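**Q** So that we are looking at the same thing, I have put the structure below in structure tokens.
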Amino acid sequence: MPEFIPQTPAPASGVRFFNWPGAGEEISESLKMTHACVIPPGASVIHVGGQAGIRSDNTVPVDLTEEIREAFSHIELSLREAGLTGSSEEVWACVYKVRTYHANTDAGFGLTLHGVLMEYFGKNRPLFTGVDVFKLLRPELHLEIEVEAFLPILVAATQKELLYMDA
2 MPEFIPQTPA PASGVRFFNW PGAGEEISES LKMTHACVIP PGASVIHVGG QAGIRSDNTV
62 PVDLTEEIRE AFSHIELSLR EAGLTGSSEE VWACVYKVRT YHANTDAGFG LTLHGVLMEY
122 FGKNRPLFTG VDVFKLLRPE LHLEIEVEAF LPILVAATQK ELLYMDA
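Below, the structure is given as structure tokens:
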């Protein structure tokens, strides 16, 4: 299976991405996603549970793009709380897996979602799974997003040192 080497912290942390030859590579290139990922033993992994586009005032944006961006904002806040640092681009470069759940969507949903994904992921090509569901937590919601990310080796090593210092 041909390896895709992203221009992100992934290779330096031992994270490897793969696509099958031919159509798999073509799909990866056109959709900016990858088909398989290997996380090395001992890597620190962050799991972010389902995040929805609910604002701090408990409302859901009427505009779908704004709703998706709000959910991504919550994900980034969660990733930072879990230890990722740096620019927004550096944080999103550590995400290797995305799963979206969507309900109440129309034919344009996929293109809107893909557009926002490209804003956040840049050169990164995470694994991606999209699942249509009957309904979400609230009837006005269109999606919920889960991600998995790795802590780059230097960040993970620094956090372990701090844990030992606190002991």
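Residue numbering for the sequence shown follows our numbering, beginning at 2 and increasing consecutively.
Using N, Cα and C, we set each Cβ at its ideal position, and we do this for glycine too.
Given the structure is predicted, the values throughout are model-derived calculations rather than measurements.
How far does the beta strand (DSSP E) with His200 in it reach, from first residue to last?
**A** The structure shown has nothing for residue 200, since the chain only spans 2 to 168.
**Q** Suppose the cutoff is 6 angstroms on Cβ atoms and the five residues either side in sequence are ignored; what does the same chain contact list for Val96 look like?
**A** Counting from one through the sequence shown, the residue named residue 96 turns up at place 95. Excluding residues within five positions, the ones whose Cβ falls inside 6 angstroms are Pro127, Val148 and Ala150.
**Q** Residues bridged to Asp133 by DSSP?
**A** Along the sequence shown, one-based indexing puts residue 133 at 132. Asp133 pairs with His103.
**Q** Give the DSSP-derived three-state secondary structure of Pro109 in the structure shown.
**A** In the sequence shown, residue 109 corresponds to position 108, counting from 1. According to the sequence provided, residue 109 is Gly. The question's Pro does not apply to it. Correct three-state label for Gly109: coil.
**Q** With which residues is Gln52 paired in a DSSP beta bridge?
**A** For the purposes of this step, residue 52 is identified with residue 51 of the sequence shown, where counting begins at 1. The partner list for Gln52 (beta bridge, DSSP) reads Ile146.
**Q** Can at least three beta-carbon pairs, one atom from the stretch 68 to 76 and one from the stretch 49 to 57, be found at a separation below 8 angstroms?
**A** A contact exists between the stretch 68 to 76 and the stretch 49 to 57.
**Q** For the alpha helix (DSSP H) containing Ala94, list its first residue and its last residue.
**A** Start at 1 with the first residue of the sequence shown, and residue 94 comes out as number 93. That residue, Ala94, is in no alpha helix (DSSP H); it is neither H nor E in DSSP.
**Q** Let's test the definition: count the other Cβ atoms within 10 Å of the Cβ of Ser14 and tell me whether it reaches 16, buried, or not, exposed.
**A** Looking up residue 14 in the sequence shown gives position 13. Counting Cβ neighbours within 10 Å, Ser14 comes out buried, since at least 16 surround it.
**Q** Any idea if Pro42 is buried or exposed, counting beta-carbon neighbours within 10 angstroms, 16 or more meaning buried?
**A** Within the sequence shown, the letter at position 41 stands for residue 42. By the neighbour-count rule (16 or more Cβ atoms within 10 Å), Pro42 is not buried but exposed.
**Q** Using the Cα positions of Ala37 and Gly51, report the straight-line distance between them to the nearest angstrom.
**A** Here residue 37 is taken as the residue at index 36 of the sequence shown, counted from 1. Here residue 51 is taken as the residue at index 50 of the sequence shown, counted from 1. Whole-angstrom Cα-Cα distance: 21 angstroms.
**Q** Could you work out which residue in Arg81, Ala83, Gly87 and Arg100 is closest to Val134 when comparing CA atoms only?
**A** Locating residue 134 in the sequence shown gives position 133, counting from the first residue. Ranking Arg81, Ala83, Gly87 and Arg100 by Cα distance to Val134 puts Arg100 first.
**Q** What are the boundary residues of the beta strand (DSSP E) that Ala37 is part of?
**A** For this step, residue 37 is matched to residue 36 along the sequence shown. Where Ala37 is concerned, the enclosing beta strand (DSSP E) stretches over Ala37 to Val39.
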